[in-house]
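Chains as they are written, first to last, in the numbering used here: chain P, 1 to 451; chain H, 452 to 902. Scroll down for the structure; my scribbles are underneath it.
Have a look at this one:
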């Protein structure tokens, strides 16, 4: 839904409310995709939100609820009666209930837990125990379980009976009596099989599983690689305890990408969206790295003062500091971004270290020479000073080499230390290269220009 | 599969080849997930690749083939006989065939087209006409089409008959006689319905569709938002011509993320992986932006020389240039990254311009004051010079304000001009802020320090 469509939709709804045409509104709302509600509800006032929400059918209400931002969820839950709240929770899938509990304040959580069925409450409590960012924390317990001895027809009967409450019927799992996975059946294979076939004969025994404690990023990448729609999660005893569906995997992938973007820009990652984050939190997330980087650029500044004599004799030297610093920063940013992203996409592995470094060195030579020639020629034309041209050109080549090598080495080194390579990105590399390039530049200048 | 598992797998295979136990190898290979083959085949020699590939069953061979990198695909196709090649192409889904043709050199394409069935060739030729990055170019034509008048039982019969050749059976589409979409049925709803129900009564008439010319990034984001597994693609006459499946959407999302990372690091985006790209291409993709940014930092340098008198009188001024430049760059990088990512995730819209700008200004004031205090106190302690502390602190606040405002304004401005906001990222903002902050700094210094 783009901005114009949204405006049209909201206007239509407000008109219907104003004219008190609630039956028309109810029908109209049923046809709006539940994923479009969050945007829409942002445009109307709180009273209208509650009115709209109460007009929805039970199923639709739950679907819409699962899509909403946590602040709107909280407002709604506070306004709903216990009975209405129970209706919502009953319809939510287990993983959405758990997400909700994790985000609500304690008084709301109490009301939620009070209104969950006893058996469900037990499952929810189990799910809440899994650490954040683990496979267990994003899985749902609502999957289709079948038995080896069933026929295809038996399977269809079971799916018909329990399918509605399950998050997906696309992938079904064949379990032993002690709930270990014996095999996996894609619904496609069930549909094209003969009715009398035994599941044991059509199931795929090579099932890819993850454990409950697996990192969610690893899980999300497996979806990307293996083109699966659901991934079974097993406990320590290898019993199937849940599944992760591809829609949750996409959310994880996008969140991890956002986190990398933030880390690479010297930000402390933040889970809330831009506008949901307070000014104070924004500032806090930015200051830490700025201070660290500021301290290291003070070092560069201090080094410069040591060469006071040089730039007192040849003041134009100072004019090249910004160019050298920027070029080093940009070159380092290019290399580190390619290496960090390559590792995130599993295209570059630790064992490729020397291969990557050799590649960066060759690229640096080419890039360095082009930039050095460009500056050298400019300086000869502008200042008619071959010595100065040599100093600057040589410093550029050195700076490009250093920054590209560091851009390759540091992220891979971080990975080796099991740190996130994304922290070794442009800002950090820039400050390191700054110091080195300034040192190199003034040393060459001192020698060549005799100052 | 991690590095150790891969090593184990490759060793096992090489042993079996050495001992010529081809039957064991054949069985072993059938159990390896087809998505693991690309990595595995990278570790063995060309002869072994061909041997391994020929041992695979027809279906497995096609699945593996679709996963391979284009250079290995090319080598394989060149080594296969026409009959073997025809087997591969027959088993590939239409969208994979089209991808293959787009990446192979013309002599291989000729052989492929020669070995495609006549009807399929017509479809492939149609698909090849869609522009790159359009919905049409990533869709497949193999979907399940049903009719309104069918019962659930009729639908099952049809799926059983044609399902095997279709890329997905999870989502089925109900078409009119002229192939316009009347409704959509999730296989789950088909499975839980009564056998005698008419499709017309159980289908969902609110079908989200895209046109063949829609941008693939927009399509991928719709998957993220609407939690769909397949998205129908219609032509200008609103006839259903294909579907896009979620696995292809994930690939697009990841590619678009990579592209943003690259653009934000002053790189010309590149589709090939890091190692598949030649040193020369790497260099070419990096030089353009480096040259552009270098030219603008020459401006900064030239401005500095205008203040020769100032730093001749107070040489320590030069020491603060790196710190101001880095702080400006990092602050701009933080803001632009948050704004660019926020727009990419549809959390920040153009109409939020003033809201975002106001937020950045408040954050900048907080961040600026903290950094200014830190530097001010350090300078008073280190240099015992309150005037200098004032000059630097005030310049920091100005620099932070400018860089955070530009980091917000420029990406949104680019979006307004229908350019990719990612080009207005750290490198470009850094060079702009550099010039401004140096100007600000020396102007304040000239006035306050009377130089």
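Yeah, the Cβ is synthetic: ideal placement off N, Cα and C, and Gly gets one too. Please read these numbers as outputs of a predicted model, since none were measured by experiment.
Contact belief for residue 336 of chain P with residue 232 of chain P at Cβ below 8 Å, rounded distance in angstroms: Here residue 336 of chain P is taken as the residue at index 336 of the first chain, counted from 1. Here residue 232 of chain P is taken as the residue at index 232 of the first chain, counted from 1. The pair is not a contact, with the Cβ atoms about 37 Å apart (cut-off 8 Å).
Residues of its chain near residue 522 of chain H, where Cβ-Cβ distance is below 8 Å and the 5 sequence neighbours each way are ignored: Along the second chain, read from residue 1 onward, the residue named residue 522 of chain H stands at position 71. These residues qualify, in order along the chain: 727.
Minimum Cβ-Cβ distance from residue 308 of chain P to chain H less than 9 Å: As a working mapping, residue 308 of chain P is identified with position 308 in the first chain. Closer than 9 Å: yes.
Contact the stretch 273-292 of chain P vs the stretch 801-818 of chain H: 3+ CB pairs below 8 Å: Short answer: they touch.
Collapsed DSSP secondary structure at residue 690 of chain H in the structure displayed: Your numbering for residue 690 of chain H matches position 239 in the second chain. Residue 690 of chain H: strand per DSSP, three-state reduction.
Any chain P beta carbon closer than 9 Å to residue 793 of chain H: Residue 793 of chain H sits at position 342 when you count from the first residue of the second chain. By this cut-off, residue 793 of chain H is an interface position.
Own chain, CB closer than 6 Å to residue 50 of chain P, minus 5 neighbours either side, in chain order: Counted from its first residue, the first chain places residue 50 of chain P at position 50. Taking C-beta separations shorter than 6 Å and ignoring five residues to either side along the sequence, the partners of residue 50 of chain P in its chain run 79, following chain order.
Chain-ordered neighbours of residue 408 of chain P on chain H, where CB pairs are closer than 8 Å: Here residue 408 of chain P refers to the residue found at position 408 when the first chain is read from its first residue. Simply none; closest approach about 10 Å.
Members of the stretch 324-339 of chain P that neighbour chain H once the beta carbon cut-off is set at 9 Å: Across the stretch 324-339 of chain P, CB contacts with chain H closer than 9 Å involve 324, 325, 326, 327, 329, 330, 331, 333, 334, 335, 336, 337, 338, 339, in sequence order along the chain.
Within-9 Å CB hit, residue 566 of chain H to chain P: In the second chain, the residue the question calls residue 566 of chain H occupies position 115. Residue 566 of chain H is outside the set of residues whose beta carbon lies under 9 Å from a beta carbon in chain P.
3-residue-minimum beta strand (DSSP E) runs that sit fully inside the stretch 623-675 of chain H, ordered along the chain: Counting only runs of 3 or more, we get 632-637.
Every unbroken alpha helix (DSSP H) inside the stretch 789-860 of chain H [4 residues or more]: Given a length threshold of 4 residues, each whole run of the alpha helix (DSSP H) inside the stretch 789-860 of chain H is given here in chain order: 804-834.
Given residue 193 of chain P as reference, the closest of H:611, H:829, H:622, H:621 once Cα atoms are compared: In the first chain, counting from the first residue as 1, residue 193 of chain P sits at position 193. For residue 193 of chain P, the nearest C-alpha among the options comes from H:611.
Nearest candidate by alpha-carbon position, reference residue 662 of chain H, set H:856, H:693, H:573, H:884: Taking the second chain and counting its residues from 1, one reaches residue 662 of chain H at position 211. Its Cα nearest to that of residue 662 of chain H, the residue H:693 stands out among H:856, H:693, H:573, H:884.
Beta-carbon proximity of residue 491 of chain H to residue 527 of chain H, cut-off 9 Å: On the second chain, residue 491 of chain H is found 40 positions in, with the first residue counted as 1. On the second chain, residue 527 of chain H is found 76 positions in, with the first residue counted as 1. No, the Cβ-Cβ distance between residue 491 of chain H and residue 527 of chain H is not below 9 Å.
Cβ of residue 97 of chain P within 9 Å of any chain H Cβ: In the first chain, residue 97 of chain P corresponds to position 97, counting from 1. No, because no Cβ of chain H sits closer than 9 Å to the Cβ of residue 97 of chain P.
Beta carbon proximity, residue 448 of chain H to chain P, threshold 9 Å: The structure shown does not extend to residue 448 of chain H, since chain H is modelled only from 452 to 902, so the question has no answer here.
Three CB pairs or more closer than 8 Å across the stretch 122-129 of chain P and the stretch 167-184 of chain P: Judged by pairs of C-beta atoms under 8 Å, the stretch 122-129 of chain P does not touch the stretch 167-184 of chain P, as fewer than three such pairs exist.
Option in H:751, H:460, H:898, H:495 with minimal Cα separation from residue 482 of chain H: Looking up residue 482 of chain H in the second chain gives position 31. The option with the nearest alpha carbon to residue 482 of chain H is H:460.
Residue 535 of chain H versus residue 542 of chain H - alpha carbon distance: Residue 535 of chain H sits at position 84 when you count from the first residue of the second chain. Residue 542 of chain H sits at position 91 when you count from the first residue of the second chain. Taking the straight line from one Cα to the other gives about 11 Å.
Coarse secondary structure for residue 267 of chain P, derived from DSSP in three states: Within the first chain, residue 267 of chain P is the residue found at index 267, counting from 1. Coil.
With 16 other Cβ atoms within 10 Å as the buried cut-off, status of residue 224 of chain P: Within the first chain, residue 224 of chain P is the residue found at index 224, counting from 1. Burial of residue 224 of chain P is indicated by the presence of at least 16 other C-beta atoms within 10 angstroms of its C-beta.
Under 9 Å between C-beta atoms of residue 435 of chain P and residue 300 of chain P: The count along the first chain starts at 1 and reaches residue 435 of chain P at position 435. The count along the first chain starts at 1 and reaches residue 300 of chain P at position 300. Taking 9 Å as the Cβ cut-off, residue 435 of chain P and residue 300 of chain P qualify as a contacting pair.
Whole runs of the alpha helix (DSSP H) within the stretch 62-146 of chain P, excluding any shorter than 4 residues: Listed in chain order, they are 70-79, 82-91, 94-103, 106-114, 118-128, 135-138.
Assigned exposure category for residue 806 of chain H - 16 Cβ within 10 Å defines buried: Here residue 806 of chain H corresponds to residue number 355 of the second chain, with the count starting at 1. Exposed is the call here.
Segment contact flag, the stretch 784-804 of chain H with the stretch 309-322 of chain P, C-beta cutoff 8 Å, min 3 pairs: By the Cβ rule, the stretch 784-804 of chain H does not count as touching the stretch 309-322 of chain P, because fewer than three pairs are nearer than 8 Å.
Pairwise C-alpha distance: residue 350 of chain P and residue 417 of chain P: Residue numbering aside, residue 417 of chain P sits at position 417 when the first chain is read from its first letter. Residue numbering aside, residue 350 of chain P sits at position 350 when the first chain is read from its first letter. Near 11 Å, if we compare the C-alpha coordinates of residue 350 of chain P and residue 417 of chain P.
4-residue-minimum alpha helix (DSSP H) runs that sit fully inside the stretch 724-799 of chain H, ordered along the chain: As for any alpha helix (DSSP H) of minimum length 4 sitting wholly inside the stretch 724-799 of chain H, the runs are 730-757, 759-764, 772-795, ordered along the chain.
CB of residue 685 of chain H within 9 Å of CB of residue 653 of chain H, strictly: Taking the first residue of the second chain as position 1, residue 685 of chain H is located at position 234. Taking the first residue of the second chain as position 1, residue 653 of chain H is located at position 202. No. Outside cutoff.
Test: residue 591 of chain H CB closer than 9 Å to a CB of chain P: Residue numbering aside, residue 591 of chain H sits at position 140 when the second chain is read from its first letter. For residue 591 of chain H, the answer is no, since every Cβ of chain P falls outside 9 Å of its Cβ.
Spatial neighbours of residue 116 of chain P in its chain, beta-carbon cut-off 7 Å, leaving aside the 5 residues before and after: Counting from one through the first chain, the residue named residue 116 of chain P turns up at place 116. Cβ neighbours of residue 116 of chain P within its own chain (closer than 7 Å, five residues either side excluded): 89, 124.
Contacts that residue 390 of chain P makes with chain H (C-beta to C-beta distance below 8 Å): If you number the first chain from 1, residue 390 of chain P lands on position 390. Below the 8 Å Cβ cutoff, chain H contributes no neighbours of residue 390 of chain P, its closest Cβ being approximately 17 Å away.
Coarse secondary structure for residue 231 of chain P, derived from DSSP in three states: Taking the first chain and counting its residues from 1, one reaches residue 231 of chain P at position 231. Residue state for residue 231 of chain P is assigned as strand, using DSSP reduced to three classes.
CB contact flag (residue 198 of chain P, residue 148 of chain P, <9 Å): Taking the first residue of the first chain as 1, we reach residue 198 of chain P at position 198. Taking the first residue of the first chain as 1, we reach residue 148 of chain P at position 148. Their beta carbons are under 9 Å apart, which means residue 198 of chain P touches residue 148 of chain P by this criterion.
Pick from H:480, H:848, H:901, H:890 that is closest to residue 206 of chain P, judged by C-alpha positions: Taking the first chain and counting its residues from 1, one reaches residue 206 of chain P at position 206. Ranking the options by Cα distance to residue 206 of chain P, first place goes to H:480.
Between the CA atoms of residue 260 of chain P and residue 423 of chain P - distance to the nearest angstrom: Locating residue 423 of chain P in the first chain gives position 423, counting from the first residue. Locating residue 260 of chain P in the first chain gives position 260, counting from the first residue. In this structure, the CA atom of residue 423 of chain P is about 8 Å from the CA atom of residue 260 of chain P.
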